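Asker:
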Amino acid sequence: SWASDLLESNLWRHLPGSSTKQRIPYVFTAGNHDWFFEGSAGSQRELQEEWRQKGLHPFYAASAGQGLWGQTNYDYSSFETGGILVLMVDNSRYQVTWEQLAFFRSQLLRWIPTVLVVHVPLSVADNLRPHGNFVLCGDPAWGEATDRSWQHESRARWPEEGNDRPTELFLEAVLAAAAPNGPLIAVLAGHTHGHDATPFSRVDVEEQPNAMFGGEESSAQGAVQYISHPSLNGGHRFFDVESEEGHSGSRGLADALGAQLAARDFVTGLTWAALLGKVSPDDRMEIEVDFVWRCWGGLARLNLAAKKLDPATIAHGIAAMLLRTEQAVRLGFQILAQALQPIIAGAAITAGPATDGQQEASSNGDAAACVEI
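Shown next, in the form of C-alpha cells:
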C-alpha cells in the first residue's frame, strides 16, 4: 500500500561518517481503528482478521520479529536489539487470548530487560481506573456497563460478564514481571490520544524519587507505562534504557531477579505448564498459582525445591534452545535435564516409604506427584 511504501522509504538513514545506509527497525501493532470503521458490517474479530490480511499486512510483514519460518504472526511477536527484548501483543480488541498469555510468559523466561508494545494501555495502577474517559485493558470495570462508545461506533457492546480470564491473568503477569523485581522495564501504548507516564512497579512511590504519575515526562528506577499522543498529531516518545553501573544490558537471571525468586518462578511456571495437560479447561481458570503451591506441599516446600536449582545453568540451557537449531535444542534439553536433576532426585527420595517421619513423607508426596507430571 502507499502508506507502507511511504513508511519503508523513510526508514533508511546514513550511518555517521559513512555513505552506507542502514534500515531502522520498527515494531507494528494495529489499533482498533486501523481495522474497524464506524458502521462496518461484521463482528470485531471478523473485521480484524479481514484487515490484517489486506491493508495492514505489509506493516506486519516488514515489522521486526516477523517473517520467522516464512510466517507472519498478527497476535504477537518479539525481537532483541542491543540487549533489550521487545515484545508485541495485539490487544486492540481490549482482550488477550490464552495463546498471547502463554507467549508473554514464555518470553519472560529469557530474563533480559523487556519492553512490551501494545495498543490499548494496561490498567496497571489505580489512578488509571479509569484513565480520563477510557477504561483500559484489564480494568476490572471493563464490560457492558462501562462501554460508552458502542452506539457512536455502531458496534456490539462489550460483554456483560467483563474481561476474559486470560486478560485478567495477563495483567497479573505484567505486574508480577515489573522491574526492579522482574525483567519488564516498560510498556509502550497509545489509543487514548494523550501523553501519560505511570510507574507500576510493586514498590512504594517514595522509593522511586524520579517517578511522576500522569506527567508529561517521566523517569523511574522500575517499570513505567508510557502513553503517547497519536503520530498524526506529531506524537512520539524517545525511550532510553540505562543499566545500573556494573551491570550489562543483557544481564542474566541470577543478577537481574535474584537466584531464589527466579528459581521459584521457573519451577512454578514449569509445574503449571505440565499441569495443563492434567486438568480440564473448566478447572484451569481459577487454580493456577494456588494449585502449583499445593502440588508442592506449600510455598515453603516449593522454595526448598527451587533452592536446589542453579538459575545460571537454566538460563544457559534456554539460551541454547532459542538458537533453534537441532543441535542447540538438543544441547539445551540436556542442560535443563542436568539442572532439574537435584529436584527429581530429591523428590524420589522423600516420596519413598516412610519410617519414623510419616508426616514428612506424606507432605512430600505432592512434590513427587509434581515431578512425575
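Quick note: the sequence shown, position 198, residue 198 per the working numbering, numbers continuous.
Glycine included, every Cβ here is placed at the ideal spot set by N, Cα and C.
Nothing here was measured: the structure is a model prediction, and the numbers come from that model.
How many Å lie between VAL329 and GLY194 at the Cα?
Answerer: When rounded, the distance between both Cα atoms is 45 angstroms.
Asker: Which residues bound the beta strand (DSSP E) around PHE104?
Answerer: PHE104 -> not in any beta strand (DSSP E); alpha helix (DSSP H) instead, spanning 98-108.
Asker: Count the other CB atoms, across all protein chains shown, that sit within 10 Å of the CB of GLY190; report buried if there are 16 or more and exposed otherwise.
Answerer: GLY190 is buried by the Cβ-count criterion.
Asker: For the beta strand (DSSP E) containing ASP196, list its first residue and its last residue.
Answerer: First-last of the beta strand (DSSP E) with ASP196: 196-199.
Asker: In terms of residue numbering, what span does the beta strand (DSSP E) encompassing GLN225 cover?
Answerer: Taken as a continuous stretch (DSSP letters only), the beta strand (DSSP E) holding GLN225 covers 224-227.
Asker: If we count the other Cβ atoms within 10 Å of its Cβ and call it buried at 16 or more, is SER201 buried or exposed?
Answerer: Classification for SER201: buried.
Asker: Classify ASN91 as buried or exposed, calling it buried when 16 or more other Cβ atoms lie within 10 Å of its own Cβ.
Answerer: Classification for ASN91: buried.
Asker: For TRP12, which of helix, strand or coil comes out of DSSP?
Answerer: Note: TRP12 maps to strand in three-state DSSP.
Asker: Just checking, does the segment 3-21 make contact with the segment 75-89 on the three C-beta pairs under 8 angstroms criterion?
Answerer: These segments do not touch.
Asker: Can you tell me which of the three DSSP states LEU322 falls into?
Answerer: LEU322: coil per DSSP, three-state reduction.
Asker: Could you tell me whether the segment 81-90 touches the segment 106-120, using the rule of 3 or more Cβ pairs below 8 angstroms?
Answerer: With a cut-off of 8 angstroms, the segment 106-120 and the segment 81-90 count as touching, because enough Cβ pairs lie within range.
Asker: Taking the continuous beta strand (DSSP E) assigned at VAL174, which residues delimit it?
Answerer: VAL174 -> not in any beta strand (DSSP E); alpha helix (DSSP H) instead, spanning 165-176.
Asker: Using the beta-carbon count (16 or more within 10 Å), is PRO150 buried or exposed?
Answerer: Residue 150 is actually Trp in this sequence, not Pro. Flag for TRP150 reads exposed.
Asker: Grab me the residues of ARG264's own chain with a C-beta within less than 7 angstroms of its C-beta, minus the 5 sequence neighbours each way, in chain order.
Answerer: These residues qualify, in order along the chain: LEU302, ASN303 and ALA306.
Asker: Let me know if TYR26 comes out buried or exposed under the rule of 16 or more other beta-carbons within 10 Å of its beta-carbon.
Answerer: With fewer than 16 Cβ atoms within 10 Å of its Cβ, TYR26 is classed as exposed.
Asker: Tell me the rounded alpha-carbon separation between GLN53 and GLY138.
Answerer: Approximately 27 angstroms, taken between the alpha carbons.
Asker: CB LEU11 to CB ILE318, shorter than 8 angstroms?
Answerer: Contact: no.
Asker: Determine the DSSP secondary structure at VAL135, reduced to helix, strand or coil.
Answerer: VAL135: coil per DSSP, three-state reduction.
Asker: For TYR26, report the span of its alpha helix (DSSP H) as first-last.
Answerer: That residue, TYR26, is in no alpha helix (DSSP H); it is neither H nor E in DSSP.
Asker: Can you grab the Cα-Cα spacing for the pair GLN341 / ALA176, in whole Å?
Answerer: Cα to Cα, GLN341 sits roughly 28 angstroms from ALA176.
Asker: Using the Cβ count rule (16 or more neighbours within 10 Å means buried), how would you classify TRP2?
Answerer: Under this definition TRP2 is an exposed residue.
Asker: According to DSSP, what are the bridge partners of ALA189?
Answerer: Answer is ILE227.
Asker: In angstroms, rounded to a whole number, what distance separates the CA positions of GLN359 and VAL292?
Answerer: Unreliable placement is indicated for GLN359, whose pLDDT of 39 sits below 50; no coordinate value is reported for it.
Asker: Rounded to the nearest angstrom, what separates THR313 and ALA339 at their Cα positions?
Answerer: Looking at the two C-alpha atoms, the distance is approximately 6 angstroms.
Asker: So what does DSSP say about VAL89, is it helix, strand or coil?
Answerer: Of the three classes helix, strand and coil, the one that applies to VAL89 here is strand, per DSSP.
Asker: Rounded to whole angstroms, what is the Cα-Cα separation between SER218 and PRO199?
Answerer: With a pLDDT of 45 at SER218, under the threshold of 50, the modelled position of that residue is not reliable, and the figure given next carries that caveat. Those two C-alpha atoms are separated by around 8 angstroms.
Asker: Counting only beta-carbon separations shorter than 8 angstroms, does ARG23 have a partner in chain D?
Answerer: The chain inventory of the structure shown lacks chain D, comprising one protein chain alone.
Asker: Is it buried or exposed, PRO121, if we count other Cβ atoms within 10 angstroms and call 16 or more buried?
Answerer: It is buried - the Cβ of PRO121 has at least 16 other Cβ atoms within 10 Å.
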